[in-house]
Structures are given as C-alpha cells and as structure tokens.
Amino acid sequence: MLARPEGGDMTVQKENSMLKQKQMLADHFMELSQVRETGKKVVYTFVPGNLTELIYTFDMLPVYPEINALQSGMRKKSRDYIREAEDMGYSEDICSYVKCDVGMMVQGNIGPTGQQLPPPDLLLLSYTGCFVFMKWFENLKHLYPDAEIAMLHIPYQEGGRIEPDHIEYIKEQLRTEVIPKFEKVSGVKFNETKLGEKLDLSAKAEDLLIEIFDSAQNRPSPIDAYFGGVYYIGPIFTAFRGSPECVDYYEELASEVRFRVENKMGPITPDGVLQEENFRLVVEGPPNWTHFRGFWKLFYEMGAVFVGSTYTRVGGVYDDGFRHSSDDPLKSLAEYCLGCYTNRNLPQRIDLIERFITRYHADGFLVNSIKSCNSFSAGQLVMMRELEERLQIPVGFIETDLVDPRYYSYSNIKNRLDSFFQMLEQRQIMKRRMEAVA
Amino acid sequence: MAEQHMTTEQYTAAIEKARALFEDLSYSYAREWKEQDPSRRVIGYLPIYVPREIIHAMGMLPVGIFGAGDRMSIVKGDAFFQSYICHIPRTVIEMALNGNMDHFDGFLFPSICDVIRNLSGIFRLKFPDKFVRYFDLPQNFDRKVGGSFYHREIDRLIEGLKALNGHELTTEELNRSIELYNRNRRLVNELADLRSDFPHKITAVDFYLVLRAGGIMTVEEHNGYLEEILELARAVDAEPEDKIRVVISGAFCEQPPLGLIKTIENAGCYVVEDDMQLGMKWIKTDIPSDTDDPVSALIEAYLDQSEFSSAVYEADKPKGEQLKQQVIDRRADGVLFCAPSFCDPALLDRPLLEQAMDANHIRHFGFQYHENLGQFHVIKEQAGTFADMIKLWE
Ligand code: SF4
Ligand code: SF4
Chain A
682 MLARPEGGDM TVQKENSMLK QKQMLADHFM ELSQVRETGK KVVYTFVPGN
732 LTELIYTFDM LPVYPEINAL QSGMRKKSRD YIREAEDMGY SEDICSYVKC
782 DVGMMVQGNI GPTGQQLPPP DLLLLSYTGC FVFMKWFENL KHLYPDAEIA
832 MLHIPYQEGG RIEPDHIEYI KEQLRTEVIP KFEKVSGVKF NETKLGEKLD
882 LSAKAEDLLI EIFDSAQNRP SPIDAYFGGV YYIGPIFTAF RGSPECVDYY
932 EELASEVRFR VENKMGPITP DGVLQEENFR LVVEGPPNWT HFRGFWKLFY
982 EMGAVFVGST YTRVGGVYDD GFRHSSDDPL KSLAEYCLGC YTNRNLPQRI
1032 DLIERFITRY HADGFLVNSI KSCNSFSAGQ LVMMRELEER LQIPVGFIET
1082 DLVDPRYYSY SNIKNRLDSF FQMLEQRQIM KRRMEAVA
Chain B
745 MAEQHMTTEQ YTAAIEKARA LFEDLSYSYA REWKEQDPSR RVIGYLPIYV
795 PREIIHAMGM LPVGIFGAGD RMSIVKGDAF FQSYICHIPR TVIEMALNGN
845 MDHFDGFLFP SICDVIRNLS GIFRLKFPDK FVRYFDLPQN FDRKVGGSFY
895 HREIDRLIEG LKALNGHELT TEELNRSIEL YNRNRRLVNE LADLRSDFPH
945 KITAVDFYLV LRAGGIMTVE EHNGYLEEIL ELARAVDAEP EDKIRVVISG
995 AFCEQPPLGL IKTIENAGCY VVEDDMQLGM KWIKTDIPSD TDDPVSALIE
1045 AYLDQSEFSS AVYEADKPKG EQLKQQVIDR RADGVLFCAP SFCDPALLDR
1095 PLLEQAMDAN HIRHFGFQYH ENLGQFHVIK EQAGTFADMI KLWE
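As they're listed, the protein sequences go chains A and B. According to my numbering, the stretch in the first sequence is residues 682 to 1119, in order. According to my numbering, the stretch in the second sequence is residues 745 to 1138, in order.
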C-alpha cells in the first residue's frame, strides 16, 4: 500500500517510526485480506486528491493501485505484470503504473504482503492532475464490472489560483455523485461531523509533516526528502490521514528528526546515517522503483542529500499553509484536491520548486524524467531552464521509469550524474574561493 | 465528356485550395483576415473541441492548431520535450517560437491530456503577452453540476476574449454563430455521408483536407466551400475499386501525415469514417439557435450530444459500443486503430476498444505513427494484408 519497500533489496537501519509504520501497514493489509469475514467494503482510489478521511468516515478500506504498482516494482514483479498487460494490447508507450496494475490484477491481484487484495466495491476516480487516471479507472471498471464507480472531476488550476466556483463544483460532485455512491456501497449514512473530526486530525499530522520537511533547512539535513520522503515520511499520510494513529506516527517521526537536528546527524540511508553532506539537491519527478536502493545509493555515496522534492507533494501540498479543516468539511476536501502538485499549472510548479531551492538552501536542481509519465515529464525541460535562469544554479537531468525495468540504464544515469556532481563541485570550489577573497 | 473533364478540373482546383491552406505554416489566411479590420482577433485552439461559436460571435477567427506534421524540421521543439513525448507539442512550440503565430492574439488548450495541459503552461511562460487559456471541459454530465461548472468556464472565456477587443457579446450574435456552425456540421456530415456512400468520389486525403480547411477559413467561407465540394464531388465520374471499407480510430489529436492516409487507401482500404478532425463534428445534432440563452444551448449540446472520445469520461456509455455502432452505420469491414506514439488517451483506450471489436466480430488492426513519419512501407504492407484477409473472408 505504501512506498515503503517490503523485501526486495531494501534493508534500512530501523527507527521506531519505521517499525511503527511497518506494523500499521501489516495491520492494514491484514484487514484487507479479511474483508470477506468482516464485511468491510473496499475503495480503490488514487494518491493525488485522495479522500482518505471520507473513506474512513464510511468505515471503508482504501487500496491505492499506484502504490501497489510501485510495490510491485520494488518487489521485482513489475516486469512480468507489464509484459502481461502488453500482451493484452497495452502499448509500450503508456504509463507503466497502469500496465503493472492491470497485469497484477489479471495475475490474481496478490498485494505487497503476498496476500490477495480484495476486489473493489467502489472505484473512486478522483481525477486530479493526471489524465491517465480517467483512462486507468475506465479500464478497471471493465475488469470489475460489478464495482460502483464514482467520478470526481477536479478542475485544473489553469490560472494559477483556486477559483471559488471550482470549489463549488467539487462540493456539488461530492454531494451528488461521490457521497451517494459511498452511502450506497457501504450502507452507512454520511456523517459530516465524523468527517470533520477526521479532518482536524489530518491537520495535526499535516503540521507535523511540514515540520519534518522543513527540518531540511538545517545543515546537515536530518532527512532525505526524496528517497526518505517516499520511504517513510510521506506514505503514512495517504493511507492513514485522519486517524489518531497517523498523528502518533508523525509525532514519533518528528521527535526522531528533532533528535537528529540537535545532534547534527544526517539522514538515514540503507547503509546507515549519512556521515557527510556534500551536496544539497531539490528534485522534480517520481523516483525509479525497480532499482530503488541502487538508485538511492548513486546519491548517498556521493554525499548528496535531497532537501526538497516535488513527488512528495503529489498527495497534497501543505507548504503554503493549506490544512484540512472541519469548518466546512467538503470545502476542505475540495481545496485539498485542487492544490495537489500536478493539479497546479506549470508556472506555479516552477515557483514552488524555486521556493524549495531557496528555502532549503539547495546547491542544485535535478530532474528525474519518467519515460511513461506525461503528467510530470511534459514541461520538465522548461522548468529546468527557467530555474537555471532565475537562480543560476546547476541543473541536472536523468531519465528512468517508474516500474518498467527496461528503462533503467545504470551507466547512462551514472554518466549524467557524474557530470552533474562535477558541476556542483566546481561551483562549490568557486564559491569557497570567492568567500576567501571576500 | 468535356463537361466531366471540367468537373474534375474544378474539383482538383477546389481541393488544391484546401491543400494550400494546409501547407501554409505561416497561417497567412488568418493574417490577411485580421489585417482587414483592426478590431479583428485570431484565436488558435488545440485539438479536439472548443465551442468555436463563442469565438466567432466575439468577432474573432478560431484557428485550429494541429502541429506542423512532416512539413517543418524541428530545431527548437526538441529542447522542450523529451523523446518519449508525442510529436505535436514540439511542432506547435516550434511554430510559435519561429513567429508563425505572432499574429495570433490568444490560444486555447482544451482539456484532452497532460501534454496539452502542460503545453498551456509553457505558452503562459513563453508568451506572457498573449491570451493563453487551458479550457477545462466538464467530466460530469449532470446539467446542474457539470453544466454549471461549464457555464462558468464559458463565462470566463467570454470575459477573457472581451479583454482582447472590448466586444460585448449579444444573444443574437451567438445565435447567429450557432446557426452558422450548425450549417457547417450539417454540410460536413453530408460530405461524410457522400464519402461513405461513394468513397471512390472523394479520397481520404481530399476529405481530410476539406475538413482541415474548416479550422483555417471563416465558417462563412467554409460553408460555401463545403457546398462547392459537395456539388463537385457528386459530379466526379470515378469508378469504384475493389477496396475494403474501414473506420480509422485514435487519430484525433496529432495528425497522421498525408502520406500515411494515402498509403492506407492505396493499400486497398476506403476510409469511410475517421476521427482525425473530430472537433468539426463533435456535436452530433443541431444546436437550438433561437433561444434566449444560447450559452446554455451550447452547454446542453456538449453534455448530451458530444461525439464519443478518448478525452471524455465514458460514464455509462461504453466507447466500444459507440465505435461498433459507427462500424455498422458506415457498413465498414473493419477498424484501423491508428494512434500517435506516446498518446495516452488513444493508446489507453485501445485495448478496451479492441476487446469490444472482438466481441462483436469486427476485424481490426492497429499501429502507431508520428506526424512526421516518412516511411510507410510497413503500414502499407500491414494494411494491404488486412484488406486482402477481409476480402478473402467475405
Ligand atoms: S502518468 Fe504519471 S501521474 Fe499519471 S498515473 Fe501514470 S505515473 Fe501517475
Ligand atoms: S497526441 Fe495524444 S498525448 Fe499527444 S498531445 Fe495529443 S492527445 Fe495528448
């Protein structure tokens, strides 16, 4: 369910938060495997624009096909699944998450813990910031014809701001399309107060999350906001937002991070705590999952730490003050969906990255361009040029794929990164010289 | 005999007019149109559908931007898009940066996919003085919900356009535009029927060029042009050939090069239906043009009478069924799934459409292309084999 790898090639020094996360996930998958006995209903939905609090308000259980796909990538299953989907007629050119997910379902829908995932009772198509979502769930609807499907269309922030009537449009869809379908499938009447309580708990976790992300302002940064970000900082958010356990988790994590700040410790990597921070980077684009550890190693062995990343904002941007709120619960959900990273227009995204670079004192900006993800990839070259011009910082570019191992070329990535690191090094030498002269 | 010769010559000359417009990557028609009156404005729109009636009623010329195909070498565009993104955005940006569209006052990017969406952001950054709008169409088809949202989107569009020429849109003007576009769609459909009934009278390339011209000329001129083409095509004396009848599906955005369309026909396939210029016939019926609220008329037509498309949530109307119906209506022998490489909407729909065709025993085959594809022999061979197989089975 989460980005957190199970098995595969990952073994990371465990902190309490990580152990806690492991337990929460295991419990969640256990619950999913028992729905036949418990009668709990299952919702499949997406990470961007996820309505986790609403799902739990109806006592239903979420499954995130994107996360299953990335888990399959980490568990080295994606190659087979993708091949299966391509045999069914899915093109080589399209989003590999979709193919991986479809292939997994066709091959028995075995989830990350080896247990079979239950089929969806409700497909919640939260169409937020990626066109593929719509196609993906149209395809799932054909695979699961008995499932109810609810479409929630989130208008794009084309003008660089949230339009009040867009909030109304989303609220109307929640009232007339989404909530009635939840009620129908779950047999539970919608309770706005219960939703509000969950949203307030979300806000608490969101404060803690931002505290954790902001800890990257320190030198050394106590977190890696990309690999660590997707490994143990962000994931719990999607699955458990709105629950007291989620708040507990982030309290635990925040206290660990505070400890590392006080003790001037770097982030935890698969080879232990990073001892020396050489380069501070901000990255745009999803990571590669099929070679997650090797990919991470390319950075930490050079002492490169990610102090900011956009991918950890796909499930919500809290950096500019937005918090879920019980004041007007449906409005709050609408604002959250509208604000997700990929639902922001390109100039807004560039501004956000610029803020990350300055706020977290980054030395360079890197794009990991994903072959099969147009939502992220289209426009990244422009982002690079804009940021280079605005901030005069070195920019780097590498290409991988999310879960299609055919598009991970170690030597290509290594070569490009070597030149990028050289550029960064030279920049640092020059900076030191100038400081010495001054 | 001499009369027939005249008709053929006239027909060829008429088609050449559309070809010249198609070839002209400087959009001179729009430039000349604009120069005739200082209040005139030109608005470019990307595939697939925008309500051109509104642009027209605001005293502006809507111009379809469908990329430059194989007619432009890419120098700058490749620096904007990675190799694994479809081709159309790079020729669009190339044309824009080269100044081919300097006389355009604005650009509309309808919600069709992530590439077009992000391209709108690139235009915002690169052309800050132009009117640039991502035009979000509703994916909720309830009149009160999706309809209200769309109403506000259209209001915003009208406001944005008004800022360009100060024009205050009236009910009469919009009704008149709706009527003109109704006429346009009727004529396009008439031509499509003619092509389906007598595919030997108008080739797939000719038909395509005539429709493409509709995204360049004023609607008034295009209506006259369609009438002329209809008359001439009917009179063309051509012998039917032993070809199969196919529907082309998936080519609604980045356009196949003319050579590819020709290749399909030369390989033994009459194209009796296609989605290459889907926006020209997006609304399937006439839109009421005598109401007090023409904006609502446009909205209702969009919600209830849109052609099926990969860009629209299928809700409870499976696209496979609709494609099947097209095959039946056009008495087609099969479907060619013909989509641009890396095109998410078309390629993600393909497996389901293929399954629907299989379930209905409709033969099909699929391939991918780039707008600047130059080699067609593989496709020619495949299409030829497909045609031969069908002839053999029949
Ligand atoms: S295209 Fe990108 S954002 Fe969209 S589903 Fe695929 S990986 Fe996710
Ligand atoms: S060709 Fe397909 S992917 Fe490319 S811009 Fe058009 S619809 Fe989008």
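Just so you know, even glycine gets a beta-carbon here, dropped at the ideal spot from N, CA and C.
Based on the DSSP output, what are the partners of residue i in its beta bridges?
i	result
A:N1049	A:I1079
B:H1108	B:V1079
B:I787	B:P806 and B:G850
B:E1044	None; B:E1044 has no bridge partner.
A:I949	A:V954
A:E965	A:V1048
A:A985	A:F960
B:V1017	It should be pointed out that residue 1017 of chain B corresponds to Glu in this sequence rather than to Val. Per DSSP, B:V991.
A:Q838	A:R1025
A:V744	A:Y725
A:Q797	A:I791
A:S990	A:V964
Hey, residue i and residue j: beta-carbon distance below 8 Å or not?
i	j	result
A:A897	A:A906	yes
B:F810	B:P791	yes
B:I988	B:D1019	no
A:Y992	A:P951	no
A:F710	A:L803	no
A:E965	A:V1084	no
A:G840	A:P729	no
B:L905	B:M802	yes
B:L974	B:L938	yes
B:N844	B:Y771	yes
A:V779	B:L1092	yes
Between the options, which lies nearest to residue i when the distance is taken from Cα to Cα?
i	options	result
B:G1110	B:A1090, B:G1118 and B:N1116	B:A1090
B:R929	B:D1077, B:R796, B:I832 and B:W1137	B:R796
B:V990	B:C830, B:A948 and B:L955	B:A948
B:Q1112	B:F1086, B:G1118 and B:S1054	B:F1086
B:T962	B:T752, B:Y789, B:L805 and B:S770	B:L805
A:I893	A:Y725, A:V938 and A:P925	A:V938
A:L1072	A:E1106, A:R1036, A:A884 and A:G754	A:R1036
A:P800	A:L855, A:T726, A:I835 and A:K816	A:T726
A:F918	A:K1112, A:A1117 and A:L732	A:L732
B:D846	B:E934, B:P872 and B:V1079	B:P872
B:L924	B:K1028, B:I759, B:L901 and B:S1033	B:S1033
DSSP three-state call for residue i: helix, strand or coil?
i	result
A:M1104	helix
B:R989	strand
A:M772	The sequence given here has Ser at residue 772 of chain A, not Met. In the structure shown, A:S772 sits in coil (DSSP, three-state: anything other than H, G, I, E or B).
B:A758	helix
A:M682	Because A:M682 sits at a pLDDT of 32, beneath the cut-off of 50, its placement in the model cannot be relied upon, and the point is left open.
B:L1144	Because chain B spans 745 through 1138 in this model, residue 1144 of chain B falls outside it and cannot be assessed.
B:T1035	coil
B:P872	coil
A:M832	strand
B:L938	helix
A:S807	strand
A:Y1017	helix
B:P833	helix
B:Y878	strand
B:I818	coil
B:P1084	strand
A:S1058	helix
B:S1053	coil
A:G689	Below a pLDDT of 50, predicted positions are generally treated as unreliable, and A:G689, at 44, falls in that range; the measurement from the model is reported next regardless. Coil, per DSSP.
A:L1074	The question names Leu, but residue 1074 of chain A is Ile in the sequence shown. Reduced to three states, the DSSP call for A:I1074 is coil.
Just to check, is the beta-carbon of residue i closer than 7 Å to a non-hydrogen atom of ligand 3?
i	result
B:V859	As for ligand 3, it is missing from this structure, which binds only ligand 1 and ligand 2.
Problem - the region 885-899 of chain B / the region 1001-1011 of chain B touching (three or more Cβ pairs under 8 Å) - result: no
Exercise for the section: Determine, using beta-carbon pairs with one atom in the region 863-883 of chain A and one in the region 841-848 of chain A, whether at least three such pairs fall under 8 Å. Expected result: no
Exercise for the section: Decide yes or no for the touch test of the region 1035-1049 of chain A against the region 973-991 of chain A: beta carbon pairs closer than 8 Å, at least 3 of them. Expected result: yes
Problem - Contact the region 746-766 of chain A vs the region 1077-1092 of chain A: 3+ CB pairs below 8 Å - result: yes
Handout entry: Inter-stretch contact (C-beta, 8 Å, three-pair minimum) for the region 874-882 of chain B and the region 1076-1084 of chain B
Key = no
Practice task
Determine, using beta-carbon pairs with one atom in the region 996-1009 of chain A and one in the region 925-940 of chain A, whether at least three such pairs fall under 8 Å.
Solution key: no
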